[in-house]
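Visitor: One structure is given below, represented as structure tokens, and several questions about it will come after.
2 protein chains.
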Amino acid sequence: MGAVIHERLSVETKIRPVRLADVAKAAGVSHGTASNVFSRPEIVRDEVRERVKAAAEKLGYGGPDPRGRMLRAGKVNAIGVATAEPLCYFFDDPFARVVMAGISEACDRTGAGISLVSAANDEQLAWNIRSALVDGFIVFCLEGGSRLVELTRERGLPFVALDFGFDDETIAALGVDDVAGARLAAAHLTGLGHRCFAVLSLEFDEGGHGPVFPDRARTAGYAGTRDRIAGYLGAIAEAGIDPASVLIYETLNDEATTHAGLEFLFASETPPTAILAMSDKVALIALKWLAGHGITVPRDVSVIGFDGVPEGEISMPPLTTVVQPMAEMGRRAVEIILSFDGAVRRETLQVELAIRKSTAPPPR
Amino acid sequence: MGAVIHERLSVETKIRPVRLADVAKAAGVSHGTASNVFSRPEIVRDEVRERVKAAAEKLGYGGPDPRGRMLRAGKVNAIGVATAEPLCYFFDDPFARVVMAGISEACDRTGAGISLVSAANDEQLAWNIRSALVDGFIVFCLEGGSRLVELTRERGLPFVALDFGFDDETIAALGVDDVAGARLAAAHLTGLGHRCFAVLSLEFDEGGHGPVFPDRARTAGYAGTRDRIAGYLGAIAEAGIDPASVLIYETLNDEATTHAGLEFLFASETPPTAILAMSDKVALIALKWLAGHGITVPRDVSVIGFDGVPEGEISMPPLTTVVQPMAEMGRRAVEIILSFDGAVRRETLQVELAIRKSTAPPPR
DNA sequence: GATTTCCTTTGGATCGATTCAAAATAGGAC
DNA sequence: GTCCTATTTTGAATCGATCCAAAGGAAATC
Numbered sequence: 001m002g003a004v005i006h007e008r009l010s011v012e013t014k015i016r017p018v019r020l021a022d023v024a025k026a027a028g029v030s031h032g033t034a035s036n037v038f039s040r041p042e043i044v045r046d047e048v049r050e051r052v053k054a055a056a057e058k059l060g061y062g063g064p065d066p067r068g069r070m071l072r073a074g075k076v077n078a079i080g081v082a083t084a085e086p087l088c089y090f091f092d093d094p095f096a097r098v099v100m101a102g103i104s105e106a107c108d109r110t111g112a113g114i115s116l117v118s119a120a121n122d123e124q125l126a127w128n129i130r131s132a133l134v135d136g137f138i139v140f141c142l143e144g145g146s147r148l149v150e151l152t153r154e155r156g157l158p159f160v161a162l163d164f165g166f167d168d169e170t171i172a173a174l175g176v177d178d179v180a181g182a183r184l185a186a187a188h189l190t191g192l193g194h195r196c197f198a199v200l201s202l203e204f205d206e207g208g209h210g211p212v213f214p215d216r217a218r219t220a221g222y223a224g225t226r227d228r229i230a231g232y233l234g235a236i237a238e239a240g241i242d243p244a245s246v247l248i249y250e251t252l253n254d255e256a257t258t259h260a261g262l263e264f265l266f267a268s269e270t271p272p273t274a275i276l277a278m279s280d281k282v283a284l285i286a287l288k289w290l291a292g293h294g295i296t297v298p299r300d301v302s303v304i305g306f307d308g309v310p311e312g313e314i315s316m317p318p319l320t321t322v323v324q325p326m327a328e329m330g331r332r333a334v335e336i337i338l339s340f341d342g343a344v345r346r347e348t349l350q351v352e353l354a355i356r357k358s359t360a361p362p363p364r
Numbered sequence: 365m366g367a368v369i370h371e372r373l374s375v376e377t378k379i380r381p382v383r384l385a386d387v388a389k390a391a392g393v394s395h396g397t398a399s400n401v402f403s404r405p406e407i408v409r410d411e412v413r414e415r416v417k418a419a420a421e422k423l424g425y426g427g428p429d430p431r432g433r434m435l436r437a438g439k440v441n442a443i444g445v446a447t448a449e450p451l452c453y454f455f456d457d458p459f460a461r462v463v464m465a466g467i468s469e470a471c472d473r474t475g476a477g478i479s480l481v482s483a484a485n486d487e488q489l490a491w492n493i494r495s496a497l498v499d500g501f502i503v504f505c506l507e508g509g510s511r512l513v514e515l516t517r518e519r520g521l522p523f524v525a526l527d528f529g530f531d532d533e534t535i536a537a538l539g540v541d542d543v544a545g546a547r548l549a550a551a552h553l554t555g556l557g558h559r560c561f562a563v564l565s566l567e568f569d570e571g572g573h574g575p576v577f578p579d580r581a582r583t584a585g586y587a588g589t590r591d592r593i594a595g596y597l598g599a600i601a602e603a604g605i606d607p608a609s610v611l612i613y614e615t616l617n618d619e620a621t622t623h624a625g626l627e628f629l630f631a632s633e634t635p636p637t638a639i640l641a642m643s644d645k646v647a648l649i650a651l652k653w654l655a656g657h658g659i660t661v662p663r664d665v666s667v668i669g670f671d672g673v674p675e676g677e678i679s680m681p682p683l684t685t686v687v688q689p690m691a692e693m694g695r696r697a698v699e700i701i702l703s704f705d706g707a708v709r710r711e712t713l714q715v716e717l718a719i720r721k722s723t724a725p726p727p728r
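Going line by line, the protein sequences match chains A and U.
To convert, note that position 29 of the first sequence is 29 in my numbering; the numbers rise steadily by one, no gaps.
For my numbering, add 364 to where a residue sits in the second sequence, where the first one is 1.
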């Protein structure tokens, strides 16, 4: 594998033969002094400093090569952001973009760089994680998250997993209070008088989709999904409604399975008056589908999302949703990496309900 | 089991004194052999390979440190993307995002990583450029572009400027044919029968804004702006219209100066029936402003943009514009860096006209 | 038993810098 | 001119790997 990569790398590039040692020799000083001229100029005598600088200029020396410096210093001054998705995920996905904006802000402030690490296939991903020149990783755990975390852990650098359902207490993670967020969403709807609910869920376990029976909710492999279901059903039960009456459909957070879910829900004898979507993406897809099927939101059906992506503010109608502090998550993740002290901590951030126009009392 | 993982974790993450040499010693082989186990396992005898791997496992060695490998290999396998804007520019700006998607695609394909390099202030930027661990740079030249290019050039690595107006033939650049694009835009409007034009221009020179007289167009410092003006006026002249009749207002590609420009244009005795905006951003701002002032597009005034950002497809009305092949630019830039052979080449890509709903024949 | 071959392993050199204890030099005081 | 203290400069050691010429060893051939 290494050989393959290596071959691919052997692109013809003009190398820069001028090293610090060359400059030192040309200026007639030791390399130690030459180094000082660039890294601690104040301790070098003026005359010598000028001589070295002149020599550097003449040889076309562009300053100390960061590779050497970095090897010595041990620090790279860059944070790796990893995901198992293709790289364009960082620029396309609304959730990722807002988190990245938060990461950017923190990196700007601290002067750290950002390295994007990802890959289509597993082998490539492993290689990229192992060879990324970074001081730590922020890991976007989506599908295949456990594999990604495993690879990152092997690397032995500080890292923090962004959310999403890991029970493993030995890894640092940063997430939101999914139970509380889901409660908030469901309580908002019960408060409006809804009694007939459906959940468009994310995956319970890798790749699963289709109708789900409530008892499975308790055994879901993905903790995030499990917690959100628990929150939804908890608030619904508190309103005196039988949680067993709630229809649950597991989607893959994409259009196809969400459409299938909606068809399933509205083919039911008792179609829901309120839809709890476990992501804004699903909620927005639902909004479009409902509009296309002559079902008016929020008059006929209320829809509530989860995430708080910007798109939700400009949808028709604007989406009521549970807002995660995405930018804050990004900022905080950077802080955790940069101040890593060996302690593994798991942090939970609070969510807020953004009440917009996609929820209303049920039709009578 | 959990305890084992836990122990390994703390060993790995706290400090990592485990070097390849340690593994070699523990396994009773030379460091050369140990290195081969990881980089060229096939040339090591099975028994020895297993012994070394076992030793590595026992010591909690996470594989060869990329810093060492990289220093030796000279290659980092990452491309730096630089701009003088804050880092979040890459995730917020529509133009940047589409270009980044193209860069991502090419990097995914070739297995290269992406390093984002930027900084608020000049000193920070200089340091970041000088110390970025990359094999080459793609430079987003916006404001302050010349300084950025200067810094990048000093670094002595292959780089390509994503054009926006540099005359300097000694730097590799990748841009679009601004003259042709502008011609396309203006010709579309003259073809619809317009005879009364205004241009909402980008900067002619650093920081300039306000009304502009055509002769200044020829002396503009920013070649991109100059070329677009030349294209606009060229096509207008070919339609038998006096270019001197075209109102030109220089904006900073922001809301404030664009609004000022629009006020200026519509305070004129002969307000334009067609607005040539030099960026989609300006065009979209204009669309909003016009709607807010009771001017209907395209009935009263036609607006045409330049860039082809996704937002233009969903605006009201959808924006007719000159589409730059943004993703293609990103892809091509990566290819240029990875296949850099010392030759400085300047490439020009072709633009296309996307006719949507913001242009129509002028009111009679 | 000596020679040749083939396959493994070895260990020194190298990549390009920084660091630091020790040596050299400068400057000042007597 | 000598001695002493600051200030500069030196050069070996280090960071963590890879590369490669040469050495070692086992099997095959003469």
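In this text, a Cβ means the ideal position worked out from N, Cα and C, and glycines have one as well.
Just to confirm, is the Cβ distance from V179 (chain A) to G231 (chain A) under 8 angstroms?
Guide: Looking up residue 179 (chain A) in the first sequence gives position 179. Looking up residue 231 (chain A) in the first sequence gives position 231. Cβ atoms of V179 (chain A) and G231 (chain A): closer than 8 angstroms.
Visitor: Looking at the secondary structure, which residues open and close the alpha helix (DSSP H) in which D382 (chain U) lies?
Guide: Locating residue 382 (chain U) in the second sequence gives position 18, counting from the first residue. This sequence places Val at residue 382 (chain U); Asp is not what is there. From DSSP, V382 (chain U) is part of no alpha helix (DSSP H); its letter is neither H nor E.
Visitor: At a cut of 8 angstroms, does the stretch 709-724 of chain U reach the stretch 689-700 of chain U through at least three beta carbon pairs?
Guide: Counting Cβ pairs under 8 angstroms, three or more are found: they touch.
Visitor: Could you name the residues of the same chain whose beta carbon sits closer than 6 angstroms to that of L192 (chain A), not counting the 5 residues immediately before and after it, in chain order?
Guide: The residue given as residue 192 (chain A) occupies position 192 in the first sequence. Here the set comprises P361.
Visitor: Which residue marks the beginning of the beta strand (DSSP E) containing D46 (chain A), and which one marks its end?
Guide: Position 46 of the first sequence, counted from the start, is the residue given in the question as residue 46 (chain A). It is not in any beta strand (DSSP E) - D46 (chain A) instead sits in the alpha helix (DSSP H) that spans D46 to L59.
Visitor: Can you name, in chain order, every residue of its own chain whose Cβ lies under 6 angstroms from the Cβ of K721 (chain U), other than the five neighbours on each side?
Guide: Translated into positions along the second sequence, residue 721 (chain U) becomes position 357. The answer, listed in chain order, is P681 and P682.
Visitor: According to DSSP, is S358 (chain A) part of a helix, a strand, or is it coil?
Guide: Here residue 358 (chain A) is taken as the residue at index 358 of the first sequence, counted from 1. Residue state, collapsed to three classes: coil.
Visitor: For the stretch 38-53 of chain A against the stretch 395-412 of chain U, do three or more pairs of beta-carbon atoms, one drawn from each stretch, fall closer than 8 angstroms, so that the two count as touching?
Guide: The answer is no - the stretch 395-412 of chain U does not touch the stretch 38-53 of chain A, with fewer than three Cβ pairs under 8 angstroms.
Visitor: Quick one, are the C-beta atoms of S115 (chain A) and A96 (chain A) less than 8 angstroms apart?
Guide: If you number the first sequence from 1, residue 115 (chain A) lands on position 115. If you number the first sequence from 1, residue 96 (chain A) lands on position 96. In this structure, A96 (chain A) does not lie closer than 8 angstroms to S115 (chain A) by Cβ.
Visitor: Nearest-angstrom Cα distance between A446 (chain U) and V387 (chain U)?
Guide: By 1-based counting over the second sequence, the position of residue 446 (chain U) is 82. By 1-based counting over the second sequence, the position of residue 387 (chain U) is 23. The straight-line gap from Cα to Cα measures roughly 39 angstroms.
Visitor: Enumerate in chain order the residues of its own chain whose CB-to-CB distance from L290 (chain A) is below 6 angstroms, with the five nearest sequence positions on each side excluded.
Guide: Mapped onto the first sequence, residue 290 (chain A) falls at position 290. Its chain contains V297 as the residues whose beta carbon lies nearer than 6 angstroms to that of L290 (chain A), once the 5 sequence neighbours on both sides are disregarded; these appear in chain order.
Visitor: Count the other C-beta atoms from every protein chain shown that fall within 10 angstroms of the C-beta of P729 (chain U), then say buried if there are 16 or more, exposed otherwise.
Guide: Chain U is shown from 365 up to 728; residue 729 (chain U) falls before or after that span and cannot be answered.
Visitor: Should M464 (chain U) and F91 (chain A) be called a contact, given that it needs their Cβ atoms to be closer than 8 angstroms?
Guide: Taking the second sequence and counting its residues from 1, the one referred to as residue 464 (chain U) is at position 100. Taking the first sequence and counting its residues from 1, the one referred to as residue 91 (chain A) is at position 91. In this structure, F91 (chain A) lies closer than 8 angstroms to M464 (chain U) by Cβ.
Visitor: Using the Cα positions of G2 (chain A) and C471 (chain U), report the straight-line distance between them to the nearest angstrom.
Guide: Residue 2 (chain A) sits at position 2 when you count from the first residue of the first sequence. Residue 471 (chain U) sits at position 107 when you count from the first residue of the second sequence. Confidence is the limiting factor: at G2 (chain A) the pLDDT is only 31, short of 50, which leaves the residue's position unreliable, though a coordinate-based value still follows. Each residue's Cα considered, the two are about 18 angstroms apart.
Visitor: What are the partner residues of R710 (chain U), as DSSP defines its beta bridges?
Guide: Taking the first residue of the second sequence as 1, we reach residue 710 (chain U) at position 346. R710 (chain U) pairs with U:A537.
Visitor: Is the beta carbon of A78 (chain A) less than 8 angstroms from the beta carbon of D163 (chain A)?
Guide: Counting from one through the first sequence, the residue named residue 78 (chain A) turns up at place 78. Counting from one through the first sequence, the residue named residue 163 (chain A) turns up at place 163. No. Outside cutoff.
Visitor: Kindly say whether N367 (chain A), judged by its beta-carbon, lies nearer than 8 angstroms to any beta-carbon of chain U.
Guide: The structure shown does not extend to residue 367 (chain A), since chain A is modelled only from 1 to 364, so the question has no answer here.
Visitor: Kindly indicate if chain U contains any beta-carbon less than 8 angstroms away from that of L125 (chain A).
Guide: Along the first sequence, read from residue 1 onward, the residue named residue 125 (chain A) stands at position 125. It does not; no Cβ of chain U falls within 8 angstroms.
Visitor: Are the CB atoms of G466 (chain U) and R709 (chain U) nearer to each other than 8 angstroms?
Guide: Along the second sequence, read from residue 1 onward, the residue named residue 466 (chain U) stands at position 102. Along the second sequence, read from residue 1 onward, the residue named residue 709 (chain U) stands at position 345. No, these two residues do not count as a Cβ contact at 8 angstroms.
Visitor: Using DSSP's beta-bridge definition, name the partner residues of G444 (chain U).
Guide: Sequence index remark: in the second sequence, residue 444 (chain U) carries index 80 (1-based). In the DSSP output, where bridge partners are listed per residue, G444 (chain U) has U:S479 and U:F501.
Visitor: Whose CA, out of A:A120, A:G74 and A:S104, lies closest to the CA of G113 (chain A)?
Guide: As a first step, residue 113 (chain A) is located in the first sequence; it is residue number 113 there, counting from the start. The shortest Cα separation from G113 (chain A) among A:A120, A:G74 and A:S104 belongs to A:S104.
Visitor: State the beta-bridge partners of T684 (chain U) as determined by DSSP.
Guide: Within the second sequence, the letter at position 320 stands for residue 684 (chain U). Its beta-bridge partners are U:I668.
Visitor: At a Cβ cut of 9 angstroms, what residues of the stretch 434-454 of chain U count as close to chain A, listed as they run along the chain?
Guide: Going along the stretch 434-454 of chain U in chain order, one finds M434, L435, A437, G438, K439, V440, N441, A442, G444, P450, L451, C452, Y453 and F454 with a Cβ nearer than 9 angstroms to chain A.
Visitor: Just to make sure I have the definition right: I need the residues of chain A whose C-beta is within less than 7 angstroms of the C-beta of R519 (chain U). Which are they?
Guide: Stepping through the second sequence from its first residue, residue 519 (chain U) is reached at position 155. Per Cβ cutoff of 7 angstroms: G62.
Visitor: With burial defined as no fewer than 16 other Cβ atoms inside 10 Å of the residue's Cβ, what is the status of P428 (chain U): buried or exposed?
Guide: One-based indexing of the second sequence puts residue 428 (chain U) at position 64. So P428 (chain U) counts as buried.
Visitor: Alpha carbon to alpha carbon, how far is R559 (chain U) from A631 (chain U)? Give it in angstroms, no decimals.
Guide: Here residue 631 (chain U) is taken as the residue at index 267 of the second sequence, counted from 1. Here residue 559 (chain U) is taken as the residue at index 195 of the second sequence, counted from 1. Each residue's alpha carbon lies about 18 angstroms from the other.
Visitor: Between M680 (chain U) and chain A, is any beta-carbon pair separated by less than 8 angstroms?
Guide: Along the second sequence, read from residue 1 onward, the residue named residue 680 (chain U) stands at position 316. The beta-carbon of M680 (chain U) is placed no less than 8 angstroms from the nearest beta-carbon of chain A.
Visitor: At which residues does the alpha helix (DSSP H) containing I248 (chain A) begin and terminate?
Guide: Taking the first sequence and counting its residues from 1, the one referred to as residue 248 (chain A) is at position 248. Where I248 (chain A) is concerned, there is no enclosing alpha helix (DSSP H), although the beta strand (DSSP E) it sits in stretches over L247 to E250.
Visitor: Inspect the beta-carbon positions of A608 (chain U) and P578 (chain U) and report whether they are closer than 8 angstroms.
Guide: On the second sequence, residue 608 (chain U) is found 244 positions in, with the first residue counted as 1. On the second sequence, residue 578 (chain U) is found 214 positions in, with the first residue counted as 1. Yes; because the gap between Cβ atoms is below 8 angstroms, this pair is in contact.
Visitor: Is T622 (chain U) buried or exposed, if buried means 16 or more other CB atoms sit within 10 Å of its CB?
Guide: The residue given as residue 622 (chain U) occupies position 258 in the second sequence. Classification for T622 (chain U): buried.
Visitor: Ordered along the chain, which non-local residues of its own chain (more than five positions away) have a Cβ less than 7 angstroms from that of L626 (chain U)?
Guide: For the purposes of this step, residue 626 (chain U) is taken as residue 262 along the second sequence, with counting starting at 1. Correct list, in chain order: A650 and W653.
Visitor: Please list, in chain order, the chain A residues whose beta carbon lies closer than 8 angstroms to that of N485 (chain U).
Guide: Residue 485 (chain U) sits at position 121 when you count from the first residue of the second sequence. Correct list: empty, because the minimum Cβ distance to chain A is about 10 angstroms.
Visitor: For L553 (chain U), which residues from the same chain have a beta carbon less than 8 angstroms from its beta carbon, with the 5 sequence-adjacent residues on both sides left out?
Guide: Taking the first residue of the second sequence as 1, we reach residue 553 (chain U) at position 189. So the list reads F561, A638, L640, S666, I668 and T723, once near-sequence residues are dropped.
Visitor: So is I114 (chain A) in contact with chain U if we call contact Cβ pairs under 8 angstroms?
Guide: Here the question's residue 114 (chain A) lines up with position 114 in the first sequence. Yes, contact with chain U.
Visitor: Please decide whether T510 (chain U) counts as near chain A, where near means a Cβ-Cβ distance under 8 angstroms.
Guide: For this step, residue 510 (chain U) is matched to residue 146 along the second sequence. The residue asked about is misnamed: residue 510 (chain U) is Ser in this sequence, not Thr. Chain A, which has no Cβ nearer than 8 angstroms to the Cβ of S510 (chain U), makes this no.
Visitor: Run through DSSP, which three-state label would P575 (chain U) get?
Guide: In the second sequence, residue 575 (chain U) corresponds to position 211, counting from 1. In the structure shown, P575 (chain U) sits in a strand (DSSP, three-state: E or B).
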